[in-house]
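Everything in the sequence shown is counted per the UniProt record's numbering, starting at 1 for the first residue and increasing by one. Note that beta-carbon positions come from the ideal geometry of N, C-alpha and C, so glycine has one too. Below is one structure, written out as C-alpha cells, with a few remarks after it.
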Amino acid sequence: MKKFKIPAIIFAVVFVASATALYLYVQKDLGEKTGVKVDAPEWVNKNGSSGKLAVSDKVAKSGDSIKIGKKNATEPASQKDDIKIAENKTAASTANKTGQSPVEKVVDKIKDTIITEVFLDNLAQYIADNYHPAGSLPYKAQKGFSSASFKGINMHFGLNLRGLMPNAENLINARESIWSYLLTPGKLAALSKSETGQLLDLIEEKGILAERKFAEGDSFTLRELSREQRAEMFRSSSQPLRHVAAVLKAVADNPDLLQALDSYIKAEKRVDSANGIFQLDLDNSRKIKSESAKSKAAHSGKILKDAITIREKIKTGITQKIKSYCAGECDKPDDSFYIAQWIFRRVHTDEKRLKAITAGSEALNHIADEMVERAEAIEKSM
C-alpha cells in the first residue's frame with residue numbers, strides 16, 4: 001500500500017492545482033471579452049431592397065409605435081425587454097405576497113387573452129403571402145394585387161385557430177367564444193387602435209423577408225420584394241379590407257337584407273328537402289320501371305327545379321342590393337354574399353351585435369387607412 005500512496009498524493013495535488021489554474025484562466029478570459037460584440041445570425045441582417053440594414057431598421061414604424069416627446073418611445077427593443085423583465089420580477093414578488101406564483105399569474109393572463117401575438121404574426125404572414133407582385137408566378141398579373149379575402153381568412157383560421165386562444169373545450173365552442181368576444185360592444189374599435197401598429201410592423205417585416213418566383217426562360221428565379229413592391233403590398237392589401245368593410249356596413253344599414261337572408265336560408269332548406277325526395281323517387285323509378293314511378297320522379301324533379309329557382313332569385317336580389325349600396329366597393333358578388341351570410345348567422349336580430357358589425361366596418365377602414373399611410377412612409381424612405 002505504501003508503494004502506491006505517495007504517487008496517489010502527488011497526482012491529487014497536481015489535479016487540484018490544474019483545475020484551479022484552468023478556472024482562473026477562464027474567468028480572466030471571460031472578463032476581458034465581456035464587451036465583444038457577437039454577430040447576429042445571417043438571416044437577421046438579410047439584404048433587402050436597399051442595402052445591408054438589419055430587418056428591424058428597415059421597418060417604417062407606424063404612428064402607434066412612435067410617440068414624439070416621450071423618452072420611452074425611442075428606447076431600443078432590448079431595453080424594452082429589460083423593462084418587461086423588471087416588471088415581471090415586480091409582479092413575481094407581489095405574487096409571492098398574495099400566495100399566487102408567477103406562473104399561475106401568467107396562465108391566468110393567457111386565459112384572459114384571445115388575440116395573442118402569435119395570432120398577429122400568423123395574420124401578418126397570411127396578408128404578406130397573399131400579395132402577388134406584377135409578373136410573379138403563378139398569376140403573371142400585369143399589376144400587383146392581393147388575393148386575401150374574408151372567406152380565405154375565415155378558412156385559414158377557422159379550422160386551426162393559429163394563435164387565437166379562447167377558453168373552450170372544443171373547436172365549435174372556441175369559435176363561438178371568439179366571436180362573442182369580438183362582437184362585444186367597443187371591442188373591435190379598441191383592438192383596431194391598440195393592435196394595428198404592431199400588425200403593420202409585422203406585415204412589413206414579412207415583406208422584407210419575402211421572396212417571389214418570376215419566370216426566367218424555362219425556369220424561374222427567386223427575388224426579394226423591392227421597396228416599391230412592399231409599398232404596393234400595403235396598398236393592394238387595403239383593398240380587400242375596404243371591400244369587407246363596405247359589405248358589413250351595407251348589411252348593418254339595411255335590416256331588409258337580414259330578412260332576405262332569412263328567406264334565403266328557408267329557401268335553401270326547401271331545396272335540400274326537395275332534392276331528398278327527388279333522389280328517392282328517381283331511385284324507385286329506376287328499380288320499378290313503371291309509368292307511375294317515372295311520373296312521380298318527374299313531378300318531384302319539377303318541384304326541386306322550382307325550389308332552386310326561388311333560392312337563386314333571392315340570392316341575386318341580395319347581391320344586387322349590396323352592390324348598389326356599396327357604390328363600387330363590392331365588386332365580388334359571391335364574396336359579398338358569403339360575408340352577408342356570415343353576418344346573418346352571428347347577428348340574427350341581436351341589435352348589440354349589429355352595432356358591433358358597424359364598428360367592425362369602421363375598424364377595417366381604419367386599418368386600411370393605416371396601410372395606405374404605411375405605403376406612403378415606405379415610399380418616402382426610398
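- Nearest C-alpha to Ala134 among Lys355, Val244, Arg230 and Asn173: Arg230.
- Here the region 119-131 makes contact with the region 184-204; the two share three or more CB pairs at distances below 8 Å.
- For the pair Leu123 and Leu199, the CB atoms are nearer than the 8 Å cut-off.
- Taking all protein chains shown into account, His348 has fewer than 16 neighbouring C-beta atoms within 10 Å of its C-beta and is therefore exposed.
- Secondary structure note for Leu304: its alpha helix (DSSP H) is the uninterrupted segment Glu291 to Cys326.
- Straight across, the Cα-Cα distance linking His299 with Ala356 is about 46 Å.
- In its chain, beyond the 5 residues on either side, Tyr264 and Phe337 have a beta carbon closer than 8 Å to the beta carbon of Lys315.
- Beta bridge pairing from DSSP links Arg223 with Arg212.
- In this structure, DSSP gives Ser146 an extended state, which the three-state scheme calls strand.
- Residue Ala297 holds the alpha-carbon nearest to the alpha-carbon of Asn284 among Arg235, Ala168, Ala297 and Tyr139.
- Excluding residues up to 5 positions away in sequence, Ala267 and Arg270 lie with their Cβ nearer than 8 Å to the Cβ of Ile310 in the same chain.
- Leu354 sits in a helix when the DSSP states are folded into three classes.
- In its chain, beyond the 5 residues on either side, Lys352, Lys355 and Ala356 have a beta carbon closer than 7 Å to the beta carbon of Pro185.
- Selection Thr113, Asp253, Ser180 and Lys294 evaluated against Leu164 yields Thr113 as nearest (Cα-Cα).
- Lys302 sits exposed, since fewer than 16 C-beta atoms from the chains shown fall within 10 Å of its C-beta.
- For a cut-off of 8 Å, the C-beta gap from Ala250 to Cys326 is around 5 Å, short enough to register as a contact.
- Annotation: Leu280 to Ser324 spans about 41 Å, alpha carbon to alpha carbon.
- The continuous stretches of alpha helix (DSSP H) do not include Lys332, and DSSP gives it neither H nor E.
- In the DSSP assignment, Ser177 falls within the alpha helix (DSSP H) that extends over Leu171 to Leu182.
- For Asn275, the enclosing alpha helix (DSSP H) has its first and last residue at Pro255 to Ile288.
- In the DSSP annotation of this structure, the continuous segment of the alpha helix (DSSP H) that includes Asp121 starts and ends at Glu117 to Asp129.
- Looking at the backbone, the Cα of Gln239 and that of Ala368 are separated by about 7 Å.
- As the crow flies, the alpha-carbon of Ile115 is around 18 Å from that of Asn170.
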